[in-house]
Amino acid sequence: MKKLLVAGAIMASLAAGAVQAKEWKTVRFGIEGAYPPFSWTDESGELQGFDVDMANALCEQMQVKCELVAQDWDGIIPALLARKYDAIIAAMSITEERKRTVDFTGKYALVPNKFVTKKGTTLDLSKEGLKGKKVGVQIATTHDKYLTDNFGRDVSLVRYGNADEAYLDLKSGRIDYVFLDATAIEEGLLNKEGGDKFEFVGPSVTDEQWFGEGFGIAVRKQDQQLKNMLNQAIQDLRENGKYEEVNNKYFEYDVYGG
């Protein structure tokens, strides 16, 4: 009899959880706010950018209230697991390493990764070519891991809390290169005043082992209902033209990729 009662309690708990999972009335998105054009913080302290507009469009499509939470990059996954918010939309690459901790929707964007430097500087993307060179990366990113795994001690990595800090050191000559996704470099450096003194060098880097399948929205592993809702909403926005509308506000090409 006790076993039946326990089994009944478990079934009731699972049923309650299933009902609760479908009652998403508000979705809170963690956004970095320091990675233009995907996100930045304006002079009034408001979050702006592609990720911000996409989050709002997704919420509208899912018919839920949208809340945006600014979060520094190095704590963005721990804060998700601590339930500071429900999902991360922050130009985060879908990688096998991250999948061990969180789950992802399908991609919502795909951008190549590039090196940028002062005009007239060349790049030999090899251990010999990078030996002794200082390369700026954002800490705890796929760019950081790619260079660490492939070049190790042959390259001197300078890690920053956000991309703007890396650009400042590149301008001052304290580092030789910055390695980030190409769109962020365009928006954060090349398209700004003084950006004409810098240029992309070397190949586009898209190795799936490090950079995954594109940018996805991260959720806690137990929130499969939310992941399914977001996947459907991404597909709907692609089909109803809203994705294109948001895309064209920030990019001159389809950032969704092939």
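Read in order, the letters of the sequence shown correspond to residues -21 to -1, 1 to 237 in mature numbering (1 follows the signal peptide of the UniProt record, and there is no 0).
Positions of the beta carbon are idealized from the N, C-alpha and C atoms, including for glycine.
Given the structure is predicted, the values throughout are model-derived calculations rather than measurements.
Please report the straight-line C-alpha distance between residue 39 and residue 66, rounded to a whole angstrom. Numbered from its first residue, the sequence shown carries residue 39 at position 60. Numbered from its first residue, the sequence shown carries residue 66 at position 87. Cα to Cα, residue 39 sits roughly 16 Å from residue 66.
Considering only residues of the same chain and omitting the five flanking positions on each side of residue 36, which have a CB-CB separation below 7 Å? On the sequence shown, residue 36 is found 57 positions in, with the first residue counted as 1. Leaving aside the five residues that flank residue 36 on each side, the residues in its chain whose CB is nearer than 7 Å to its CB run, in chain order, 216, 221, 225.
Hey, quick one: how far does the beta strand (DSSP E) through residue 42 stretch, first residue to last? Along the sequence shown, read from residue 1 onward, the residue named residue 42 stands at position 63. Careful: residue 42 lies outside any beta strand (DSSP E) and carries neither H nor E.
List the endpoints of the continuous beta strand (DSSP E) containing residue 90. The sequence position of residue 90 within the sequence shown is 111, counting from 1. Neither: residue 90 is in no beta strand (DSSP E) and is coded neither H nor E.
If I measure Cβ to Cβ from residue 19 and keep anything under 8 Å in the same chain, skipping five residues before and after, which residues do I get? As a working mapping, residue 19 is identified with position 40 in the sequence shown. Correct list, in chain order: 12, 13, 26, 27, 28.
Would you report the Cα separation of residue 143 and residue 22, rounded to the nearest angstrom? The count along the sequence shown starts at 1 and reaches residue 143 at position 164. The count along the sequence shown starts at 1 and reaches residue 22 at position 43. C-alpha separation (whole angstroms): 15 Å.
Using the beta-carbon count (16 or more within 10 Å), is residue 134 buried or exposed? By 1-based counting over the sequence shown, the position of residue 134 is 155. By the neighbour-count rule (16 or more Cβ atoms within 10 Å), residue 134 is buried.
Quick one, are the C-beta atoms of residue 104 and residue 182 less than 8 Å apart? Position 125 of the sequence shown, counting from 1, holds the residue named residue 104. Position 203 of the sequence shown, counting from 1, holds the residue named residue 182. One thing to note: residue 104 has its Cβ within 8 Å of the Cβ of residue 182.
Among 41, 63, 44, 43, which one has its Cα closest to the Cα of residue 50? Here residue 50 is taken as the residue at index 71 of the sequence shown, counted from 1. Selected option, being the one with the closest Cα: 63.
Residue 83 to residue 211, Cα distance in whole Å? On the sequence shown, residue 83 is found 104 positions in, with the first residue counted as 1. On the sequence shown, residue 211 is found 232 positions in, with the first residue counted as 1. The straight-line gap from Cα to Cα measures roughly 13 Å.
Span separating the alpha-carbon of residue -1 from that of residue 176: Taking the first residue of the sequence shown as position 1, residue -1 is located at position 21. Taking the first residue of the sequence shown as position 1, residue 176 is located at position 197. Confidence at residue -1 is low in this model, with a pLDDT of 47, below 50, so the placement of that residue should be treated as unreliable; the coordinate-derived value is given next. Rounded to whole angstroms, residue -1 and residue 176 show a C-alpha spacing of 52 Å.
Proximity below 8 Å, CB of residue 48 to CB of residue 79: Within the sequence shown, the letter at position 69 stands for residue 48. Within the sequence shown, the letter at position 100 stands for residue 79. Contact: no.
Whole angstroms is fine: what's the gap from residue 189's alpha carbon to residue 101's? As a first step, residue 189 must be located in the sequence shown, where it is residue number 210. As a first step, residue 101 must be located in the sequence shown, where it is residue number 122. Near 24 Å, if we compare the C-alpha coordinates of residue 101 and residue 189.
So is the beta-carbon of residue 125 under 7 Å away from any non-hydrogen atom of the ligand NAD? No copy of the ligand NAD occurs in the structure displayed, which carries no ligand at all.
Closer than 6 Å by C-beta to residue 17: which residues in its own chain qualify, once you throw out the five before and the five after it? Chain order, please. Numbered from its first residue, the sequence shown carries residue 17 at position 38. Sequence-distant Cβ neighbours of residue 17 in its own chain, meaning closer than 6 Å and more than five residues away, are 28, 29, 30, 70.
Distance, Cα to Cα, residue 205 vs residue 196? Here the question's residue 205 lines up with position 226 in the sequence shown. Here the question's residue 196 lines up with position 217 in the sequence shown. Approximately 11 Å, taken between the alpha carbons.
Beta-carbon proximity of residue 95 to residue 178, cut-off 8 Å: Numbered from 1 along the sequence shown, position 116 holds the residue referred to as residue 95. Numbered from 1 along the sequence shown, position 199 holds the residue referred to as residue 178. Contact: yes.
Return helix, strand or coil for residue 184, following the three-state DSSP convention. The count along the sequence shown starts at 1 and reaches residue 184 at position 205. Reduced to three states, the DSSP call for residue 184 is strand.
List the endpoints of the continuous beta strand (DSSP E) containing residue 113. Numbered from 1 along the sequence shown, position 134 holds the residue referred to as residue 113. Note, residue 113: beta strand (DSSP E), 113 to 117.
Does the distance from the CB of residue 111 to the CB of residue 149 come in under 8 Å? The residue given as residue 111 occupies position 132 in the sequence shown. The residue given as residue 149 occupies position 170 in the sequence shown. No, Cβ-Cβ distance for residue 111 and residue 149 is not below 8 Å.
Rounded to whole angstroms, what is the Cα-Cα separation between residue 15 and residue 172? Sequence index remark: in the sequence shown, residue 15 carries index 36 (1-based). Sequence index remark: in the sequence shown, residue 172 carries index 193 (1-based). Residue 15 and residue 172: Cα-Cα distance of roughly 15 Å.
Count the other C-beta atoms from every protein chain shown that fall within 10 angstroms of the C-beta of residue 61, then say buried if there are 16 or more, exposed otherwise. Your numbering for residue 61 matches position 82 in the sequence shown. By the Cβ-count criterion, residue 61 is exposed, with fewer than 16 other Cβ atoms from all chains shown falling within 10 Å of its own Cβ.
Taking Cβ positions, are residue 236 and residue 73 nearer each other than 8 Å? Here residue 236 is taken as the residue at index 257 of the sequence shown, counted from 1. Here residue 73 is taken as the residue at index 94 of the sequence shown, counted from 1. Not a contact, by the Cβ cut-off of 8 Å.
When DSSP builds the beta bridges, which residues end up paired with residue 19? Position 40 of the sequence shown holds residue 19. Its beta-bridge partners are 13, 27.
Hey, how far is the Cα of residue 160 from the Cα of residue 153? Residue mapping note: residue 160 aligns to position 181 of the sequence shown, counting from 1. Residue mapping note: residue 153 aligns to position 174 of the sequence shown, counting from 1. Straight-line measurement puts the Cα of residue 153 at about 21 Å from the Cα of residue 160.
Candidates 126, 147, 138, 233: which alpha carbon is nearest residue 186's? Walking along the sequence shown from the start, residue 186 turns up at place 207. By alpha-carbon distance to residue 186, the top candidate from 126, 147, 138, 233 is 126.
Cα separation between residue 75 and residue 147? Within the sequence shown, the letter at position 96 stands for residue 75. Within the sequence shown, the letter at position 168 stands for residue 147. When rounded, the separation of the alpha-carbon atoms in residue 75 and residue 147 is 32 Å.
Option nearest residue 81 by Cα separation, candidates 230, 43, 55: Taking the sequence shown and counting its residues from 1, the one referred to as residue 81 is at position 102. Ranking 230, 43, 55 by Cα distance to residue 81 puts 55 first.
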